[in-house]
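Reading through the structure tokens given below for one structure.
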Amino acid sequence: MRLPSVVLGRARPTPCRPDASLLGRDHPYVRTSESLDSLARQWLAVAMLLAGSAAADAGGVAGAGTLAVSAGVVLLALTAVAGALRQRRRERSIDLILDGREGLPLATVQRERQRLLDRRTRERLSAALEDLVRAARRRRNIEALAGGPIFHVPVVLALAHDLRGVAALLRTDAPVGARGVALLEHLLTRGDSPLYGRHAGALREELRRVRYLLGADRANAS
Numbered sequence: 732m733r734l735p736s737v738v739l740g741r742a743r744p745t746p747c748r749p750d751a752s753l754l755g756r757d758h759p760y761v762r763t764s765e766s767l768d769s770l771a772r773q774w775l776a777v778a779m780l781l782a783g784s785a786a787a788d789a790g791g792v793a794g795a796g797t798l799a800v801s802a803g804v805v806l807l808a809l810t811a812v813a814g815a816l817r818q819r820r821r822e823r824s825i826d827l828i829l830d831g832r833e834g835l836p837l838a839t840v841q842r843e844r845q846r847l848l849d850r851r852t853r854e855r856l857s858a859a860l861e862d863l864v865r866a867a868r869r870r871r872n873i874e875a876l877a878g879g880p881i882f883h884v885p886v887v888l889a890l891a892h893d894l895r896g897v898a899a900l901l902r903t904d905a906p907v908g909a910r911g912v913a914l915l916e917h918l919l920t921r922g923d924s925p926l927y928g929r930h931a932g933a934l935r936e937e938l939r940r941v942r943y944l945l946g947a948d949r950a951n952a953s
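Pasting the structure below:
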């Protein structure tokens, strides 16, 4: 007689994840998503334990209160880890967009793509570039402030025209490519970007790439 697979100790095959089918099981996006899914199951189990132990404590069951407190602490820790994993998956989504894979039918990738193309995002980045140039001009003759500026004033001043050109491009009504917006966001938010270095040539090349990607992907922008 043929025994059921569970009796034989063989796990039933699980369906392949959509993101794994598109990217492969070893892709950082897939690994992060799998970690989030596993954490979500743990979170739900602990939340159920917390609810049950709280109810038991209300009913006067000995030790239930201690169990409820422990479950609450674990739940808070899991929530914090989940937040970090969601941020990591968001970063992996942006990496996929930068790689030119913004068309992938993955919810988080499409959500980030829409965020990058949103008018408010473009206006925020444009304003940040304008503010940077204004701040550099105010500090033209200042070598250091309290703690010093996070950018190198001569580099920003040398490329003020280029920076304002990109800012103006973001403010137009014409569609722009998500890759260009993502690259500019990295340029503004990452401390190791050429924007905060001392080499005008490196920043000039990065700004050229931003302008190219803003225009080159217009056919794919919405």
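So that you can map any letter, position 74 of the sequence shown is 805 in our numbering, and since no number is skipped, the others follow by simple counting.
Backbone N, C-alpha and C fix where the C-beta goes; we use that ideal spot for every residue, glycine too.
Residue i versus the options, residue with shortest Cα-Cα distance
i	options	result
Leu754	Gly928, Arg895 and Leu835	Leu835
Gly932	Ala899, Ala889 and Asp904	Ala889
Arg850	Ala898, Arg762, Glu765 and Ala811	Ala898
Pro759	Trp774, Asp788 and Leu816	Leu816
Arg865	Arg844, Val887, Arg853 and Glu854	Val887
Ser769	Val912, Gln841, Ala786 and Val812	Val812
Residue i, buried or exposed, once every other Cβ within 10 Å from all chains shown has been counted against 16
i	result
Gly908	buried
Ser784	buried
Ala875	With a pLDDT of 46 at Ala875, under the threshold of 50, the modelled position of this residue cannot be trusted, and the question is left open.
Val804	exposed
Ile881	exposed
Pro885	exposed
Val792	exposed
Local conformation of residue i per DSSP, three classes
i	result
Leu900	helix
Ser924	coil
For residue j and residue i, the rounded distance between their alpha carbons
i	j	result
Arg823	Asp750	12 Å
Arg855	Val761	30 Å
Gly814	Arg820	10 Å
Asp904	Arg921	27 Å
Ala954	Glu916	The first residue shown for the chain is 732 and the last is 953, placing residue 954 beyond what the model contains.
Val840	Arg910	12 Å
Leu767	Leu827	18 Å
Alpha helix (DSSP H) segment containing residue i, residue limits
i	result
Arg748	Note, Arg748: premise wrong, no alpha helix (DSSP H); not H, not E.
Leu767	Pro759 to Ala789
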